[in-house]
């Protein structure tokens with residue numbers, strides 16, 4: 271799984287297939303990215 275910040279969005283891809291695209295809430299440079307474990 272890969273997370274990219276492109277054109278004001280976060281793009282999440284797996285095996286060259288886009289899973290999700292989410293709009294960024296700020297234009298500040300990304301210092302770190304926090305990921306949470308999915309709830310079951």
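Residue numbers (this note's numbering): 271 to 310.
Beta carbons are placed, not taken as given, at the ideal position from N, Cα and C, and that holds for glycine.
None of these values were measured; they are calculated from a predicted model.
Between which two residues does the beta strand (DSSP E) harbouring residue i extend?
{"i": "residue 280", "result": "279–284"}
{"i": "residue 272", "result": "272–276"}
Report yes if the C-beta distance between residue i and residue j is below 8 Å; otherwise report no.
{"i": "residue 272", "j": "residue 283", "result": "yes"}
Could you tell me if the beta carbon of residue i falls within a distance shorter than 7 Å of some heavy atom in the ligand MG?
{"i": "residue 302", "result": "Among the ligands in the structure shown, none appear at all, so the ligand MG cannot be discussed."}
Quick check on DSSP: helix, strand or coil for residue i?
{"i": "residue 289", "result": "strand"}
Going straight from the alpha carbon of residue i to that of residue j, what length do you get?
{"i": "residue 292", "j": "residue 274", "result": "10 Å"}
{"i": "residue 306", "j": "residue 290", "result": "16 Å"}
{"i": "residue 298", "j": "residue 310", "result": "32 Å"}
If you drop the 5 nearest sequence neighbours on each side, which residues of the same chain put their C-beta closer than 8 Å to that of residue i?
{"i": "residue 294", "result": "275, 278, 279, 280"}
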